[in-house]
Amino acid sequence: MSQLILLNKPYGVICQFSEHPTHPTLKSCVPLPGVYPAGRLDTDSEGLLLLTGDGALQHRIADPRWKLPKTYWVRVEGEPGEEQLEMLRRGVDLGDFITQPAEVRRIEEPELWPRNPPVRFRKTVPDCWLEIIISEGKNRQVRRMTAKAGLPTLRLVRVAIGPWRLDGLQPGEMRELDVRLEDLPKLSPAGRGGRPADRQPQRQAPQAAKSVKTPAFRFARGKKPESR
1 MSQLILLNKP
11 YGVICQFSEH
21 PTHPTLKSCV
31 PLPGVYPAGR
41 LDTDSEGLLL
51 LTGDGALQHR
61 IADPRWKLPK
71 TYWVRVEGEP
81 GEEQLEMLRR
91 GVDLGDFITQ
101 PAEVRRIEEP
111 ELWPRNPPVR
121 FRKTVPDCWL
131 EIIISEGKNR
141 QVRRMTAKAG
151 LPTLRLVRVA
161 IGPWRLDGLQ
171 PGEMRELDVR
181 LEDLPKLSPA
191 GRGGRPADRQ
201 PQRQAPQAAK
211 SVKTPAFRFA
221 RGKKPESR
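Numbers 1 to 228, taken from full-length UniProt numbering, label the letters of the sequence shown in order.
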């Protein structure tokens with residue numbers, strides 16, 4: 001069994017343990033030695049970050065060949081039309097690459113913790129929440145996608161990576177799990193980046209005109225692993 005840490009990374013925390021001159025680092029909320037992020041999350045984004053000290057598990061999670069779906073709740077500026085949502089779903093040309101198709105739907109405002117510092121809104125411009133599920137993880141990809149569609153991101157929270165969810169964790173809290181590599185999804189026979197063969201798509205994207213109620217976080221305090 002391998003140890004996996006689920007961390008709710010706070011806004012403004014940079015995904016590294018070494019000291020940084022202007023930002024707090026993972027050292028401020030992860031007391032365990034010998035664990036490292038499996039993937040990254042932007043400094044100005046919040047939510048689920050996975051950490052482990054097992055190199056094989058870290059590689060399995062972070063390697064883009066496995067294409068673990070990543071679920072984001074994104075507050076965007078503007079009132080998205082069907083054309084904008086379809087643009088996000090079918091793939092966005094960002095200049096240096098074209099994103100793969102994504103699952104995108106409007107959702108009602110989720111019950112989240114207050115962000116510190118608060119999001120700055122323009123009173124004259126509407127905003128809404130989207131759920132975006134991608135299987136890539138390029139630098140600032142979701143923010144670039146929504147900006148290209150004319151929907152600048154105001155707040156971005158990652159709530160799931162593959163089978164692991166953020167549920168119940170407040171910013172800076174973490175949960176420890178025991179994971180077996182053999183229990184994770186397998187690659188397709190070609191092993192060239194398609195969806196894992198034994199994993200079906202999570203859902204079909206519903207019609208964009210409909211807002212979907214999201215599950216509320218219960219804010220149960222997560223168990224913090226003891227230092228070793």
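Built from N, CA and C at the ideal position, the CB exists for glycine as well. Note that the coordinates shown come from a computational prediction; the quantities given were computed from them, not determined experimentally.
Task: Span separating the alpha-carbon of V179 from that of D167 - done: Roughly 18 Å between the two C-alpha positions.
Task: Straight-line gap, P37 to E82 (C-alpha atoms, nearest Å) - done: 36 Å
Task: Inter-residue spacing [alpha-carbon to alpha-carbon] between E77 and E173 - done: A direct Cα-Cα distance of roughly 29 Å separates E77 from E173.
TODO: Could you tell me if Q200 is buried or exposed, where buried requires 16 or more neighbouring beta carbons within 10 angstroms of its beta carbon?
DONE: Caution applies to Q200, whose pLDDT of 37 falls short of 50 and renders its modelled position unreliable; the model cannot decide the point.
Open item on the list: Taking the beta strand (DSSP E) that I133 belongs to, which residues open and close that run?
Closed with: From DSSP, the beta strand (DSSP E) with I133 extends over 127–134.
Open item on the list: Quick check: P69 and S135, are their CB atoms within less than 9 Å of each other?
Closed with: yes
Task: Buried/exposed call for M87, threshold 16 Cβ in 10 Å - done: buried
Open item on the list: In this structure, how does DSSP classify residue 285 when only helix, strand and coil are distinguished?
Closed with: With the chain covering 1 to 228 only, the question about residue 285 has no answer from this structure.
Task: Supposed close pair G12, H23 - CB separation, criterion 8 Å - done: 6 Å
- [ ] Starting from the Cα of A62, find the closest Cα among L41, H20, G91 and give me that residue.
- [x] For the residues L41, H20, G91, the minimum Cα distance to A62 belongs to L41.
TODO: Please classify M145: does DSSP put it in a helix, a strand, or coil?
DONE: helix
Open item on the list: Going residue by residue through the UniProt domain "Pseudouridine synthase RsuA/RluA-like" (3–147), where are the continuous alpha helix (DSSP H) segments of at least 4 residues, counting only ones entirely within it?
Closed with: 55–62, 82–90
- [ ] For E109, I'd like the list of residues in its chain whose CB is within less than 6 Å of its CB, leaving aside the five on either flank, ordered along the chain.
- [x] W129
TODO: Could you work out which residue in S18, N139, V125, V159 is closest to E79 when comparing CA atoms only?
DONE: V125
Task: For R105 and R155, believed in contact at Cβ under 8 Å, the rounded distance - done: The pair is not a contact, with the Cβ atoms about 17 Å apart (cut-off 8 Å).
Open item on the list: I'd like to check one pair, L85 with Q141: are the Cβ atoms closer than 9 Å?
Closed with: No.
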